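Below you can see the structure in the form of structure tokens.
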């Protein structure tokens, strides 16, 4: 794979960047580097993915012009807490997208568990992958894979998608978006480590779509309807149904 200098950007000094014209998947490329011993805050980005992956085994449509990147982290948390990085990452994406569309008439919100919406359309996604230390079962490293629709949005998806440049007068490029994203990514991960998940949970709820409203949640084996009450202390969605309260740890949320 040929590395590219197109992602020549003013990134925070904490990050080390490896950019490519094309990769199979930025998560896969970063995993190979992590196994070989690369340091935390290594970032892999590409103009194109040939085998992009999304949450729950789905394909992530990877059209050129959108942002595809993966960031290696080793947060100072126990293994059971690692999945909460999806909320931390979503807040970073929320702030980055809010900055990218600042001054334009659109509404940016978070969608459980880790999507960001603009005017109700999904414009980003997150895929977490981790490695444990076999001897201790402790977290070795965590990969945060991020895709942001800048120039294109896939059609015929389970949830309707949009793209950032539809809201801007001047198109934002993947390098420009990555520069903004890394700034907010660093800030939110520092807040997580210093303030804990309660602060992250509260910040996410302040930005979330559908809290206090009727929603539909599709699980692997059933569909639920109820009121989105809150998140519990672990990040599960608290749903009030006609049969009582349910805690949802995995599923797809749809709004009326």
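Residue numbers (full-length UniProt numbering): 1 to 256. Every residue gets a Cβ at the ideal spot worked out from N, C-alpha and C, and that includes glycine. Remember, it's a predicted structure, so these values are computed and weren't measured experimentally.
(request) Can you tell me which of the three DSSP states residue 112 falls into? (result) Start at 1 with the first residue of the chain shown, and residue 112 comes out as number 112. Coil.
(message) Looking at residue 143: is its Cβ nearer than 9 Å to the Cβ of residue 67?
(response) Start at 1 with the first residue of the chain shown, and residue 143 comes out as number 143. Start at 1 with the first residue of the chain shown, and residue 67 comes out as number 67. For residue 143 and residue 67, no; Cβs fall outside 9 Å.
(message) For the structure I just gave you, are there three or more beta carbon pairs, one from the region 159-177 and one from the region 116-129, closer than 8 Å?
(response) Yes, since at least three Cβ pairs between the region 159-177 and the region 116-129 fall closer than 8 Å, the two stretches touch.
(message) Once the 5 residues before and after residue 184 are set aside, which same chain residues still bring their CB inside 6 Å of it?
(response) Here residue 184 refers to the residue found at position 184 of the chain shown. Listed in chain order, the non-local C-beta contacts of residue 184 below 6 Å within the same chain comprise 92, 95 and 96, local neighbours out to five positions each way being set aside.
(request) Note down the Cα distance separating residue 25 from residue 243, rounded to an integer number of angstroms. (result) Mapped onto the chain shown, residue 25 falls at position 25. Mapped onto the chain shown, residue 243 falls at position 243. Taking the straight line joining both Cα atoms gives about 42 Å.
(request) Report the option in 191, 50 and 43 whose CA atom is closest to the CA atom of residue 73. (result) In the chain shown, the residue the question calls residue 73 occupies position 73. Selected option, being the one with the closest Cα: 43.
(message) Distance check for residue 131 and residue 75, CA to CA, integer angstroms please.
(response) Against the chain shown, residue 75 aligns to sequence position 75. Against the chain shown, residue 131 aligns to sequence position 131. It is roughly 12 Å from the alpha-carbon of residue 75 to the alpha-carbon of residue 131.
(message) Looking at residue 88: is its Cβ nearer than 9 Å to the Cβ of residue 192?
(response) As a working mapping, residue 88 is identified with position 88 in the chain shown. As a working mapping, residue 192 is identified with position 192 in the chain shown. Yes; because the gap between Cβ atoms is below 9 Å, this pair is in contact.
(message) With H, G and I counted as helix, E and B as strand and the rest as coil, what does DSSP make of residue 183?
(response) The count along the chain shown starts at 1 and reaches residue 183 at position 183. In this structure, residue 183 counts as helix in the three-state DSSP scheme.
(message) DSSP three-state label for residue 98, please.
(response) The count along the chain shown starts at 1 and reaches residue 98 at position 98. In the structure shown, residue 98 sits in a helix (DSSP, three-state: H, G or I).
(request) Measure the alpha-carbon distance for residue 149 versus residue 215 and round it to whole angstroms. (result) Mapped onto the chain shown, residue 149 falls at position 149. Mapped onto the chain shown, residue 215 falls at position 215. A direct Cα-Cα distance of roughly 25 Å separates residue 149 from residue 215.
(message) Quick check: what's the CA-CA separation for residue 56 versus residue 159?
(response) Taking the first residue of the chain shown as 1, we reach residue 56 at position 56. Taking the first residue of the chain shown as 1, we reach residue 159 at position 159. Confidence at residue 56 is low in this model, with a pLDDT of 48, below 50, so the placement of that residue is unreliable and no value is reported for it.
(message) For a minimum of 3 consecutive residues, which ranges assigned as the beta strand (DSSP E) are wholly contained in the region 107-167?
(response) List check, beta strand (DSSP E) in window: 108-111, 115-118, 124-133 and 138-148.
(request) Note down the Cα distance separating residue 140 from residue 37, rounded to an integer number of angstroms. (result) The residue given as residue 140 occupies position 140 in the chain shown. The residue given as residue 37 occupies position 37 in the chain shown. The straight-line gap separating the alpha-carbon atoms of residue 140 and residue 37 is approximately 11 Å.
(message) In the DSSP assignment, the alpha helix (DSSP H) including residue 197 goes from what residue to what residue?
(response) Counting from 1 along the chain shown, the entry for residue 197 is found at position 197. Taken as a continuous stretch (DSSP letters only), the alpha helix (DSSP H) holding residue 197 covers 197-207.
(request) Classify residue 136 as buried or exposed, calling it buried when 16 or more other Cβ atoms lie within 10 Å of its own Cβ. (result) Locating residue 136 in the chain shown gives position 136, where the first residue counts as 1. Exposed: under 16 other Cβ atoms inside 10 Å.
(request) Drop a sphere of 10 angstroms on the beta-carbon of residue 218, count the other beta-carbons inside from all chains shown, and report buried for 16 or more, exposed for fewer. (result) To locate residue 218, count along the chain shown from 1; it is residue 218. It is exposed - the Cβ of residue 218 has fewer than 16 other Cβ atoms within 10 Å.
(request) Give the DSSP-derived three-state secondary structure of residue 253 in the structure shown. (result) Position 253 of the chain shown, counted from the first residue, corresponds to residue 253. Residue state, collapsed to three classes: strand.
(message) What does the Cβ neighbour count give for residue 245, buried or exposed, with the cut at 16 atoms within 10 Å?
(response) For the purposes of this step, residue 245 is taken as the residue at position 245 of the chain shown. Under this definition residue 245 is an exposed residue.
(request) Could you tell me whether the Cβ atoms of residue 85 and residue 45 are closer together than 9 Å? (result) Taking the first residue of the chain shown as 1, we reach residue 85 at position 85. Taking the first residue of the chain shown as 1, we reach residue 45 at position 45. Taking 9 Å as the Cβ cut-off, residue 85 and residue 45 do not qualify as a contacting pair.
(request) Run the CB neighbour count on residue 31, radius 10 Å, all protein chains shown included, and call it buried at 16 or more, exposed below. (result) Here residue 31 refers to the residue found at position 31 of the chain shown. Residue 31 is buried by the Cβ-count criterion.
(request) Could you please give the first and the last residue of the uninterrupted alpha helix (DSSP H) stretch that includes residue 216? (result) Here residue 216 corresponds to residue number 216 of the chain shown, with the count starting at 1. Not the alpha helix (DSSP H): residue 216 falls in the beta strand (DSSP E), residues 214-218.
(request) Could you tell me whether the Cβ atoms of residue 212 and residue 255 are closer together than 9 Å? (result) Indexing the chain shown from 1 puts residue 212 at position 212. Indexing the chain shown from 1 puts residue 255 at position 255. For residue 212 and residue 255, no; Cβs fall outside 9 Å.
(message) Could you check whether residue 233 and residue 197 sit closer than 9 Å to each other, using their CB atoms as the reference points?
(response) What you label residue 197 is simply residue 197 of the chain shown in a count that begins at 1. What you label residue 233 is simply residue 233 of the chain shown in a count that begins at 1. Going by C-beta atoms, residue 197 is nearer than 9 Å to residue 233.
(request) In the DSSP assignment, find the unbroken beta strand (DSSP E) run with residue 23 in it and report its ends. (result) Taking the chain shown and counting its residues from 1, one reaches residue 23 at position 23. Where residue 23 is concerned, there is no enclosing beta strand (DSSP E), given that its DSSP letter is neither H nor E.
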